[in-house]
Structure formats: C-alpha cells, structure tokens
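Chemist: According to full-length UniProt numbering, the sequence shown is numbered sequentially starting from 1. Each residue gets a CB set at the ideal place from its N, CA and C atoms; glycine is no exception. First the structure, which I've put down as structure tokens, then a few questions once you've had a look.
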Amino acid sequence: MNRPRHPSALRRRPTAGRDRVRPWEPARRGLFSRFLDRRRRTLAAACLCLGVGILAYQLTPPSAAMVSVAVAARDLPSGATLSPADLRTARLPAEAVPERAESDPARSAGQRLAGPLRRGEVVTDAALVGPGLLTGTLPGTTAVPVRMADPASLQLLAPGQLVDLVLSADAGGGGASASALASQVPVLWTSASQGAAAGGSWLGSAQDADGLLVVGATPEQSLRIAGASTRGKVFFVLVEAGAR
C-alpha cells in the first residue's frame, strides 16, 4: 500500500523558468522609455518651440550693415563753431546714412554750421560753411558772399530762403539810384545766427563775418553781386518761390 504523503509534500516544487515573464503580464520597459512616457508633453512643447524659432530665423531678413557717423550731441544753432563736446559718434544702418556724412567727430571740430542741427542729426558737408553749402544746388551755382548795409536785418533770414538783392548808391538806401543785383537767390548762410561770432572758420574773425550773407547765384548774378558793397549799400528783400 501506498503511504499517504505528508501535506507539505503536496506543495509544488519550484520549476525551472518560474521567473520568466508570463505572456499575460506586461513586459518590463527600460528607464529611457519610462522617462519619455513621463515627459512626452514637455518634450513635445520643446520641439514645437524649437521649430518655431528655426522658422522665424529663416524668415527674418539679415541684419543691415552698421557704420559709424558723427552726430550732434545736443541741439546746435546755425552758425555755431563746433567743438568736440558738440559731437558724438553713433552707429546707423548704412542705407540710412546720407551722402558725404562725417564719420570722425574730430574732423568737424572748429568748423562752422551753415544751419541748425537737432540732437542726433548726422553731420554732412552740406551742414558746414564751405564748399558743402552748394550741395544739392543746380550745376554752375556759385556761393557768393555779400555784406549787408544793415547787419541786424540778417536776423530775419535762414538758410533756404529766397531773397532779392538791391544795391543803393546813395546814402539814403533807396530812390532812383537803387538797382537790382539778383532775383530769387537762395540764402546759404548768414552771420547773424547765434554762435557766428566765434572764430575758427574759413570766414575769418567775428568782425570780418559781421553783416555777411552768403547766397547761391548763377555766374552772371555773381559778377554783379561780388564787390557790390564797395559800390554802395546792399539790402535784401524776402520773396517767395515762384512769386514772379
């Protein structure tokens, strides 16, 4: 007869392969896979931002080339003699810089302004008393200086205005002896503006520049204007463009 086995003997013994993954159990995933599962939204948002950044970079036009120019460090009046403290260096896009702009403020020091400059405005040859006064004028135009009989009247003028020049040979400044020197000539520079009393320009000392007016004239007009103050008293009349 077979002897009954002890209850403990009825327990199943461990078999080889017991630790293997059962087909109905989920397979264990790697550390990297679990990390991706937990951070998939964050990673998706980061990829989206990266793509938008690359697209924006591709669509953005290349940066414009920058150049250094001399600009006014403060508001400057017409006729002012420039000092190093009046100018500073600024960097502007090359396409925004006007022709013949000054790049070194030191080269403009000691020169006189032909017109007022606002703070930050670029200094060009046309802004200075000298050959640059003729920039933009018609071919053949000359800059002619003439001394006014009444220096105080120059306070009424500013560069760009048109004037008629009249020569009076008598002491009264009028009458039948008055003759026209030039009509509708543009004012290029006047000595009456604030700061014109300072020296250091091509016009000489403050006394030499007192009462002086520089106009743009044709060669024929310049022959009549030049030296007119030695033949009598010269006056001006303000006119409007196209008045005649």
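Measuring CB atoms only, is the region 185–194 touching the region 149–167, in the sense that at least three cross pairs come out at less than 8 Å?
Modeler: Contact holds: three or more Cβ-Cβ distances are below 8 Å.
Chemist: Cβ of Arg107 within 8 Å of Cβ of Thr81?
Modeler: No, the pair does not count as a contact, with Cβ atoms beyond the cut-off.
Chemist: Residues in the same chain with beta-carbon distance under 6 Å from Leu181, minus the five sequence neighbours each way, listed in chain order, please.
Modeler: Leu165, Leu167, Arg224, Ile225, Ala228.
Chemist: Give me the residue from Pro219, Arg38, Ser153, Arg231 with the minimum Cα distance to Leu213.
Modeler: With distances taken between Cα atoms, Leu213 lies closest to Ser153.
Chemist: Report yes if the CB atom of Ala94 is closer than 8 Å to the CB atom of Val71, and no otherwise.
Modeler: No, the pair does not count as a contact, with Cβ atoms beyond the cut-off.
Chemist: Look up Pro105 in the DSSP assignment and say whether it is helix, strand or coil.
Modeler: DSSP places Pro105 in helix when its eight states are reduced to three.
Chemist: Is Val69 helix, strand or coil by DSSP?
Modeler: Looking at Val69 - three-state DSSP - the assignment turns out to be strand.
Chemist: Pick out the complete beta strand (DSSP E) segments inside the region 153–193, 3 residues or longer, and give them in chain order.
Modeler: Listed in chain order, the complete beta strand (DSSP E) runs (minimum 3 residues) inside the region 153–193 are 162–168, 178–190.
Chemist: Of all the options Arg119, Asp125, Gly232, which has the alpha carbon lying nearest to the alpha carbon of Glu102?
Modeler: The shortest C-alpha separation from Glu102 is found at Asp125.
Chemist: Considering Cα atoms alone, identify which of Asp104, Leu238, Leu87 is closest to Leu157.
Modeler: Taking only the C-alpha atoms, the option nearest Leu157 is Leu238.
Chemist: Do Ala114 and Leu128 count as a contact pair if the criterion is CB distance below 8 Å?
Modeler: Yes, the pair counts as a contact, with Cβ atoms nearer than the cut-off.
Chemist: Could you tell me the distance, in whole angstroms, from the CA atom of Thr190 to the CA atom of Val234?
Modeler: Going by the C-alpha atoms only, they are around 14 Å apart.
Chemist: Which same chain residues, not among the five before or five after Arg88, have their C-beta less than 7 Å away from its C-beta?
Modeler: Contacts found: Val71, Ala73, Pro105.
Chemist: In the DSSP assignment, find the unbroken beta strand (DSSP E) run with Leu212 in it and report its ends.
Modeler: It spans 212–217 - the beta strand (DSSP E) in which Leu212 sits, taken as one unbroken run.
Chemist: With H, G and I counted as helix, E and B as strand and the rest as coil, what does DSSP make of Arg34?
Modeler: DSSP places Arg34 in helix when its eight states are reduced to three.
Chemist: Chain D beta carbons: is any one of them nearer than 8 Å to that of Ala126?
Modeler: Of the protein chains in this structure there is only one, and it is not chain D.
Chemist: Please classify Arg100: does DSSP put it in a helix, a strand, or coil?
Modeler: Reduced to three states, the DSSP call for Arg100 is coil.
Chemist: Quick one, which of Arg231, Val122, Pro159, Ala192 has its alpha-carbon nearest Val69's?
Modeler: Comparing Cα positions, the closest option is Val122.
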